[in-house]
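Right under this line is the structure:
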């Protein structure tokens, strides 16, 4: 039966596509590469959608790689959270790739191959159930992101990439140290098995494991752009090309996913001496991240920089909500995660087409020439702004309301309500200012003659449309994220599933 | 043996952190390379240090844990590739920006 291999398909499809993309493909390779890339992205999307349906009925898919039994070999462990994140990645990748196919891919070499490797790394990080394998997939996605980040070249891009690469190399070294420490005390790398072994630790061993787990938080915090580790993000995201920034909207979510996975499953409520080691840190850091992001958007003089800080705020919001550690807030935070991924991605693309049509003033927040498709972008900006700020009636409002409502049951509401509503207000001020400067206060004279291709606008519109769809289908999506959170809380089920996973048969 | 080993790892890590905190990209790259050596040694030791132990059960009295060795191998490969990449990138930045200072002093205004 092919369904048993479903868990690995979203990793294998991009892998083989990337290899295909590396072939020469004759004199005019680009049209062929685009066709292959789009077909593969659609296939990945279909596979991920099937995965979500399958996981929804079976609770969890465990795939033993090479049929080695669970704690010894590497397993793929796709629960509802993983499946959701994989579908999210696949849905995001398609419009971004369509956008990239309009000559963005000619700016540098191997765009299509790197794009697929990137997707493969992200999918793998979501699917794996092994801590060291998580490191390997992190490296896969990082190595392709290093190359993609400087796609198109240029002075500032190369410099920002150097900083990003060096920081992440440091992060990788720390990751290895913490994984080594945890292996040293528990003797296993399988996450579900480690969750069992961690419960038995006490005394010195528990302290060593605690050091390892907090170092792991530093690593994931760096990926997620949590407060003291967020400084790389604005520079990297605002200097890279729009299509890459839009794809990287999912990258911080990989960090967030890893935090949720590790600190719920391994260091969750059942971990005895190590129970909830990270949650107090996450609570404080999350609130401060929101504050830092809010200051950032007020100070930003460039639309792309502003969107990058909006990403920082969204990270803060999700992690603060998660740190309350109740199923309701986690479910609400996951809903917000889906919303913020699409909307920040759409904003990066919008900033990119606007910068292109404005010509010299690019994406700086100053009055400039009227754009060729002025009214289209004005409407798009309005929709995106309403969604990202969290004004009714779009998805931002719905998801923030869910977080606020679920938090009020936990008694922490003063700080959380203050931070989220305060950040929303500052976002309102900053985004409104940017919109009025760039769209209303245009210079007199004839509009710009450069017009972005229709396909780019359609790709952009479809990302915005996803936000509308999230609003319309808020209830089923909310039910799903809630069931994800419920499943995450039942950590005692994971070892049962993973360690007794059936072998993959030949038929 | 354990003391000597841990002191070695400690000194390597300390030196690499010192280098990483420098303000120019070349020492930082060297520091990260050194850190990856320290990490590899550290990973190797997580399976406990044993002498005369084959990583196969039943071939000798004591046996070594094979898993950290496999991990180190993976880490070496990735670390080596990344070092090569970061050196190229540092050289290119030096060529395009004209300096290898890491500081951010005037990049905002020139954009």
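Chains as they are written, first to last, in the working numbering: chain A, 1 to 507; chain B, 1001 to 1111. Note that beta-carbon positions come from the ideal geometry of N, C-alpha and C, so glycine has one too.
List the endpoints of the continuous alpha helix (DSSP H) containing residue i.
| i | result |
| --- | --- |
| residue 402/A | 395 to 408 |
| residue 77/A | That residue, residue 77/A, is in no alpha helix (DSSP H); its beta strand (DSSP E) goes 75 to 78. |
| residue 263/A | Careful: residue 263/A lies outside any alpha helix (DSSP H) and carries neither H nor E. |
| residue 277/A | Here residue 277/A belongs to no alpha helix (DSSP H), and DSSP marks it neither H nor E. |
| residue 381/A | 374 to 389 |
| residue 434/A | 413 to 435 |
| residue 51/A | 29 to 58 |
| residue 302/A | First-last for residue 302/A: undefined, no H or E at that position. |
Beta carbon of residue i, beta carbon of residue j: below 8 Å?
| i | j | result |
| --- | --- | --- |
| residue 339/A | residue 399/A | yes |
| residue 345/A | residue 249/A | yes |
| residue 384/A | residue 464/A | yes |
| residue 1029/B | residue 1087/B | yes |
| residue 562/A | residue 192/A | Absent from the structure is residue 562/A, since the part of chain A shown begins at 1 and ends at 507. |
| residue 150/A | residue 10/A | no |
| residue 115/A | residue 37/A | yes |
| residue 419/A | residue 320/A | yes |
| residue 1091/B | residue 155/A | no |
| residue 336/A | residue 365/A | no |
| residue 455/A | residue 102/A | yes |
| residue 106/A | residue 142/A | no |
| residue 258/A | residue 223/A | yes |
| residue 1048/B | residue 1065/B | yes |
| residue 33/A | residue 163/A | no |
| residue 79/A | residue 487/A | yes |
| residue 54/A | residue 6/A | yes |
| residue 270/A | residue 59/A | no |
| residue 63/A | residue 8/A | yes |
Can you list the residues of chain A that residue i reaches, using a CB-CB cut of under 7 Å?
| i | result |
| --- | --- |
| residue 1039/B | 173, 176 and 177 |
| residue 1096/B | 155 and 158 |
Counting only C-beta atoms, is residue i closer than 8 Å to chain B at any point?
| i | result |
| --- | --- |
| residue 155/A | yes |
| residue 111/A | no |
| residue 146/A | yes |
| residue 136/A | yes |
| residue 222/A | no |
If the cut is a Cβ gap below 8 Å, which residues of chain A does residue i touch?
| i | result |
| --- | --- |
| residue 1090/B | 162 |
| residue 1046/B | 180, 181, 183 and 184 |
| residue 1050/B | Going along chain A, no residue has its Cβ under 8 Å from residue 1050/B, so there is no contact; the nearest lies around 14 Å. |
Residue i touches chain B at which residues, Cβ-Cβ below 7 Å?
| i | result |
| --- | --- |
| residue 336/A | Within chain B, no residue comes near residue 336/A; the closest Cβ sits about 31 Å away, beyond 7 Å. |
| residue 169/A | 1032, 1082 and 1086 |
| residue 139/A | 1078 |
| residue 166/A | 1028, 1032 and 1086 |
Looking only at C-alpha atoms, which of the options sits nearest to residue i?
| i | options | result |
| --- | --- | --- |
| residue 108/A | 243/A, 163/A, 72/A and 43/A | 243/A |
| residue 1073/B | 1057/B, 1041/B and 1050/B | 1041/B |
| residue 469/A | 91/A, 53/A and 331/A | 91/A |
| residue 362/A | 410/A, 434/A and 226/A | 434/A |
| residue 227/A | 393/A, 296/A, 197/A and 329/A | 296/A |
| residue 1046/B | 99/A, 177/A and 26/A | 177/A |
| residue 471/A | 423/A, 499/A, 405/A and 401/A | 401/A |
| residue 380/A | 172/A, 467/A, 503/A and 162/A | 467/A |
| residue 240/A | 277/A, 299/A, 169/A and 307/A | 307/A |
| residue 126/A | 255/A, 413/A and 486/A | 255/A |
| residue 302/A | 371/A, 389/A and 367/A | 367/A |
| residue 215/A | 262/A, 99/A, 251/A and 390/A | 262/A |
| residue 430/A | 334/A, 165/A and 293/A | 293/A |
| residue 450/A | 480/A, 356/A and 392/A | 356/A |
| residue 183/A | 210/A, 170/A and 159/A | 210/A |
| residue 138/A | 119/A, 153/A and 152/A | 119/A |
Name the chain A residues whose beta carbon is nearer than 9 Å to that of residue i?
| i | result |
| --- | --- |
| residue 1043/B | 176, 177, 179, 180 and 183 |
| residue 1056/B | Chain A residues near residue 1056/B: none, gap ~15 Å exceeds 9 Å. |
| residue 1093/B | 155, 158, 159, 161 and 162 |
For chain A, check one thing: does any of its Cβ atoms lie closer than 8 Å to the Cβ of residue i?
| i | result |
| --- | --- |
| residue 1007/B | no |
| residue 1111/B | The predicted position of residue 1111/B is uncertain, since its pLDDT is 40 and thus under 50; no value can be drawn from it. |
| residue 1064/B | no |
| residue 1026/B | no |
| residue 1107/B | Low confidence applies to residue 1107/B: its pLDDT is 47, below 50, so where it sits in the model is not reliable, and the reading given next is rough at best. By this cut-off, residue 1107/B is an interface position. |
| residue 1074/B | yes |
| residue 1011/B | no |
| residue 1071/B | yes |
| residue 1035/B | yes |
Identify the continuous beta strand (DSSP E) that holds residue i and give its terminal residues.
| i | result |
| --- | --- |
| residue 63/A | 61 to 64 |
Taking Cβ-Cβ distances shorter than 9 Å, what residues in chain B pair up with residue i?
| i | result |
| --- | --- |
| residue 237/A | Near residue 237/A there are no residues of chain B at all, since even the closest Cβ is about 14 Å away, more than 9 Å. |
Give me the chain B residues within the contact set of residue i, using Cβ-Cβ distance strictly less than 8 Å, ordered along the chain.
| i | result |
| --- | --- |
| residue 132/A | 1071 and 1074 |
Taking CB distances under 8 Å as the criterion, tell me whether residue i reaches chain C.
| i | result |
| --- | --- |
| residue 163/A | Of the chains in the structure shown, none is chain C; the protein chains are A and B. |
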